[in-house]
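Everything on this sheet refers to the single structure shown next.
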Amino acid sequence: MAKPAVRIAAIQFGFALAAVAILARATQLQILQGERWASEAETTRTVRVVLPARRGSLYDRNLVPLAITQEFYHIGVAPNELDDRGAAFRLLLRSLGVSRPALDREFRSGKRWIYLHGPFNATQVQPLRRIKGVHLTGSFQRFYPSRDLARPIIGGLSAGPPAGAAGLELSLDSILTGEPGEAVLLKDRAGRRYDSPARQVREPEPGNDVVLTLDAELQEIAERGLADAVAETRSDGGDVVFLDPLSGELLALASRQPAHGPPRASTFTDPFEPGSTAKLFTAAALLMRNRVDSADAVFAEGGVWEMPVTRSGRTRRISDSHKSKGNLTLAQAIQVSSNIAMAKFSSRLTPEEQYETLRDFGFGTPTGAEFPSESRGRLARPDEWVSMYTRASMAMGYEFGVTPVQLAAAYGVIANDGVLLWPTLVREVRAPDGQVLYRHSPEPVRRVVTPEVAAKLRGLLEDAAFAGGTGTRAQLAGYGVLGKTGTAIRFANGRYVQGQYTSSFAALFPAERPTLVVVVKLDNPKGAYYGGETAAPVTRTMLEQALASR
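Using the numbering used here, you'd call the opening residue of the sequence shown number 81 and step up by one each time.
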């Protein structure tokens, strides 16, 4: 009989010990480890999120927006958190413009979370920001208000996290990109997130804004003028550059390619052989070295010349479209664009002197403008030349390639009294609060020619653009235009394509004190193809429109 009593007592004692152990454990959990468990519970109810920063905007020189970032919102409503459901309902209806029956159904559904599909803009959500139970989730979208204006230059963003992918959006990415912030959001058991403004860890810092040198109005004139010229001449494409030669600021850049393929900024990326627009640089080399004076003349061979290129008697035929039977001075050679006379004058220069002059004018190296993937063009070193052959080719604007921007910068030297400036697309950088962090001022690269030689070169351009010259169709009533035409057999895929031409015109405006360089280039026009017949009239039309708009 004693054994059952002992067993019961033992069991009771065991229960007592177990109770003591449980109580001790509870005390340990609640008192000794309470902080750790509370921290872990907190972790399971919160999530850290990155707050994206607003990307800086791009403006034209007159603060016309070209690329801007707008914030949009999606809205979630937690009905159980609302202090006044009726007031919240009316405010949502009034602010967002959503369907009353649809919103009423959502409120009556008994859901713990109502999602209102947006996106809604900042004006719409402003009255909702302080309403408890209304949760805003913001997102940024990039817009280009001027649509396709200058888009190959402006570029765009990548499809994933917003980052510059092309054009100025890429090259200025580090300036435009802000500093992301961080916040802690609460979440319920279903994983839904709730704003917790008081627990924001770090505010995002917006990116800087950039004021470009582009003039939206002039850009529109350039794009429209180029489109009309390409259509009228049935060209494959073309380019237009407007440059301020006194500051180096690029004012307009228009490019046009065949319909297939994405548009590209060929003003920076596609070199072409400049033809007779390059004859000015041979003249500069001669004048700087005193190898020619105003009275010097060479025989024009009646328009066709078999130029000796080897001692063994091999020759190269050079011909002129304007047949001249007598002698031509340097000024006359530029005026009628004589290949023969320029080839003969170039024999007074060594290959090294020709090469150095072209390099000094900026050819064979990128201009340094803020555009990604800029071509350096093509300019072979003298040790790669076929001496007499290449020397004559260079004097006529063949066997080297330039981009339209390079050509505009080089003509800027002539307008700027002999000094080459860095071309630029950035006029100002501004902080989000409007403070100017950077303002462009002219940046000289080097002196290329003396002011006296620059003045003589402007005189040669005047002869070429007025009566008797090839550029007369660029002249405006009441204004003088200095300029030089160019017509070259197209060089494509490593060879010259017979029957296809590149037509061009480089101009300084106005003639008295030039403040504008204009370069027009047309690819493979059909029918008339001389630069004086195709590119020069386009220049006149655009300048007329630019004057009318001022």
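From the three backbone atoms N, C-alpha and C, an ideal C-beta is built for every residue, glycine too.
Q. Out of curiosity, what's the CA-to-CA distance linking Asp463 and Ser473?
A. 15 Å
Q: Measure the beta-carbon distance from Ala339 to Leu306 and round it to whole angstroms, keeping in mind my assumption that it falls under 8 Å.
A: That belief does not hold up - the Cβ atoms of Ala339 and Leu306 are roughly 15 Å apart, past 8 Å.
(Q) Below 8 Å on the Cβ atoms is my contact criterion, and I expect Val598 with Thr614 to pass it. Report the Cβ-Cβ distance as a whole number of Å. (A) That pair is no contact at about 14 Å.
Q. Around the Cβ of His402, are there at least 16 other Cβ atoms within 10 angstroms (buried) or fewer (exposed)?
A. exposed
Q: Compute the distance between the beta-carbons of Arg575 and Phe352, then report whether it is under 9 Å.
A: no
Q. Span of the alpha helix (DSSP H) holding Val205?
A. Ala202 to Val205
**Q.** First through last residue of the alpha helix (DSSP H) which encompasses Gly579
**A.** Unbroken run through Gly579 is the beta strand (DSSP E), Arg575 to Phe589; no alpha helix (DSSP H).
Q. When the distance is taken between beta carbons, is His520 closer than 9 Å to Ser327?
A. yes
**Q.** Which listed residue (Val290, Thr293, Asn288 and Val321) has its alpha carbon closest to that of Arg304
**A.** Val321
Q. Who are the near neighbours of Gly612 in its chain, counting only those whose CB is closer than 7 Å to its CB and skipping five residues on each side?
A. Thr550, Gly551, Arg553 and Thr565
(Q) Just to confirm before moving on: does the CB-CB distance between Leu602 and Thr621 stay below 9 Å? (A) no
Q) Gly560 to Gly548, Cα distance in whole Å? A) 15 Å
Q: Only counting runs of 4 or more residues, tell me where the alpha helix (DSSP H) segments fall wholly within the region 423-507, in order along the chain.
A: 431-440, 467-476 and 484-495
Q. Straight-line CA distance for Phe348 to Arg174?
A. 51 Å
Q | Three-state secondary structure assigned by DSSP to Asn218 | A | The sequence given here places Gly at residue 218; Asn does not occur at that position. Gly218: strand per DSSP, three-state reduction.
Q: Apply the 10 Å Cβ neighbour rule to Ser180 and answer buried if 16 or more other Cβ atoms are within range, or exposed otherwise.
A: Looking at the sequence itself, residue 180 is Arg, so the reference to Ser does not match. By the 10 Å Cβ count, Arg180 comes out exposed.
(Q) For Val600 and Thr203, what's the separation of their Cα atoms in angstroms? (A) 45 Å
Q: Assign Leu237 to one of two classes, buried (16 or more other C-beta atoms within 10 Å of its C-beta) or exposed (fewer than that).
A: buried
Q.
Beta-carbon within less than 8 Å of Gly287's beta-carbon, same chain only, minus the 5 sequence neighbours each way: which residues are those?
A. Ala133, Arg134, Arg135, Gly136, Ile255, Leu256, Thr257, Gly258 and Pro512
Q) Per the contact definition of three or more C-beta pairs closer than 8 Å, is the region 405-420 in contact with the region 448-462? A) no
Q | Glu249 to Gly240 span [Cα, whole Å] | A | 15 Å
Q | Environment of Arg604 [buried if 16+ CB atoms lie within 10 Å] | A | For clarity, residue 604 is Asn in the given sequence; the question names Arg instead. Flag for Asn604 reads buried.
Q.
Can you tell me whether Phe361 is buried or exposed? The criterion is at least 16 other CB atoms within 10 Å of its CB, across all chains shown.
A. buried
Q) Do the CB positions of Gly50 and Asn160 come within less than 9 Å of each other? A) This structure gives no information on residue 50, because the portion of the chain shown stretches from 81 to 630.
Q | Pro503 burial status per 10 Å Cβ neighbour count (16 or more: buried) | A | buried
Q: Quick one: residues in its chain with C-beta nearer than 7 Å to the C-beta of Gly382, no 5 flanking neighbours on either side, listed in chain order?
A: Lys403 and Lys405
(Q) Within a Cβ cutoff of 6 Å, which residues of the same chain sit near Ser629, ignoring the five residues on either side of it in sequence? (A) Glu297
Q: Within 10 angstroms of the Cβ of Lys69, are there 16 or more other Cβ atoms? Answer buried if so, exposed if not.
A: Because the chain spans 81 through 630 in this model, residue 69 falls outside it and cannot be assessed.
Q.
Closest to Lys359 by C-alpha separation, out of Ser219, Thr447 and Phe425, would be which residue?
A. Phe425
**Q.** Same chain only: Cβ atoms within 6 Å of Val310, ignoring 5 sequence neighbours per side
**A.** Gly318 and Arg336
Q. Excluding the five sequence neighbours on either side, which residues of its own chain have a C-beta within less than 7 Å of the C-beta of Leu487, listed in chain order?
A. Pro354, Thr357, Ala586 and Val599
Q | Same chain, Cβ closer than 6 Å to Ser584, five either side skipped, listed in chain order | A | Thr357, Gly566, Lys601, Gly611 and Ala615
Q: Check Val157 in the structure and name its three-state DSSP category.
A: strand
Q | Coil, strand or helix - Gln515 by DSSP | A | coil
**Q.** Short Cβ contact (9 Å threshold) for Asp140 with Asp295
**A.** yes
Q) Where does the unbroken alpha helix (DSSP H) through Ala544 begin, and where does it stop? A) Pro531 to Ala545
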